[in-house]
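Trainee: Sharing a structure here in structure tokens format.
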Amino acid sequence: MTVPPQFPDQKQYAAFLFDMDGTILSSKAAAERVWGHWAERHGLDPVRFLPTMHGKRGVDTIRQLGLPGIDPVLEADKITQAEIDDVDGVVAIPGAVSFLAALPPDRWAIVTSSTKALALRRLDAAGLPVPRFMVTGDDVTIGKPNPQCYILGAEVLGVRPAECLVFEDVEAGVQAGEAAGAGVMVITAAGHKHDFGNRPSIDDYTTISPAIRGDGLMIVRRPQIIG
């Protein structure tokens, strides 16, 4: 794998903020099953629609469609319950368990567009820890790509967004992290077809490890390539 030249292995951060779906766990197949069935019932082409719904709150996705006679809140609640019921194939992104375990509990948070109930269900299915701090779609008034979620994530950890590194996998999340003023690391394991330009990216967490300095600041390290 080619690592972009600006890979932040020398930059220091006070905290890490992780998106959930596609970033620390893989739920793409389950989510697309549920949303695909919903799209078909409402006359949408799943092939064209599904790439547009990742990384956003369900209510925002539905509201933006402007479908006549549809209550976005009611439909989003139905979809959330269907997603809670279907966690088949939800697994941790390789290396995520050990990477998170190496972090101080008060220096990282999950910042997800999922509801809290769905987030807890998927974390359990993937065998990932429930963090001390978590911001979900229930906690914000407007979802990604608006930066509100990452600003709040930094706030609950007691740091500034500019002191944080955000881990994301989709365009809406990357935009939210950057708009908040944070650094962004793109995780590509989910295989989304986005062009993230020359932003730093990794396939999964098997190629990096965290290092905590004596002053508490954290660094992302990658193995040195020899030869």
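Oh and the sequence shown: position 181 is 164 in this note's numbering, straight run, nothing missing.
The beta carbon of each residue, even a glycine, is placed where N, CA and C say it ideally should be.
1) Based on the DSSP output, what are the partners of Leu148 in its beta bridges?
2) Closest by CA to Thr189, which one among Ile7, Phe1, Leu0?
3) Quick one: what does DSSP say Leu8 is sitting in, helix, strand or coil?
4) Terminal residues of the continuous alpha helix (DSSP H) containing Ile76?
5) Which one or two residues does DSSP pair with Met117 in a beta bridge?
6) Considering only the beta carbon of each residue, do Val94 and Val118 sit closer than 8 Å?
7) Helix or strand or just coil, what does DSSP make of Pro88?
8) Hey, could you find the ends of the alpha helix (DSSP H) Ile195 is sitting in?
9) Given that a residue counts as buried once 16 or more other Cβ atoms are within 10 Å of its Cβ, and exposed if not, what is Arg40?
10) Please state whether DSSP places Ile53 in a helix, a strand or coil.
11) Is the beta carbon of Arg204 closer than 8 Å to that of Ile191?
12) Assuming Leu148 contacts Ala165 under a Cβ cut-off of 8 Å, what Cβ separation, rounded to an integer in Å, is found between them?
13) I need the DSSP call for Arg40, collapsed to helix, strand or coil.
14) For Ala59 versus Val17, is the C-beta distance shorter than 8 Å?
15) Taking the beta carbon of Arg31 as the centre, do at least 16 other beta carbons fall within 10 Å, making it buried, or is it exposed?
Mentor: Walking through what the data contain:
1) Phe(-1), Gly166
2) Ile7
3) strand
4) No alpha helix (DSSP H) holds Ile76; DSSP gives it neither H nor E.
5) Ile93
6) yes
7) helix
8) Run containing Ile195: none in the alpha helix (DSSP H); it sits in the beta strand (DSSP E), 192 to 195.
9) buried
10) coil
11) yes
12) 7 Å
13) coil
14) no
15) exposed
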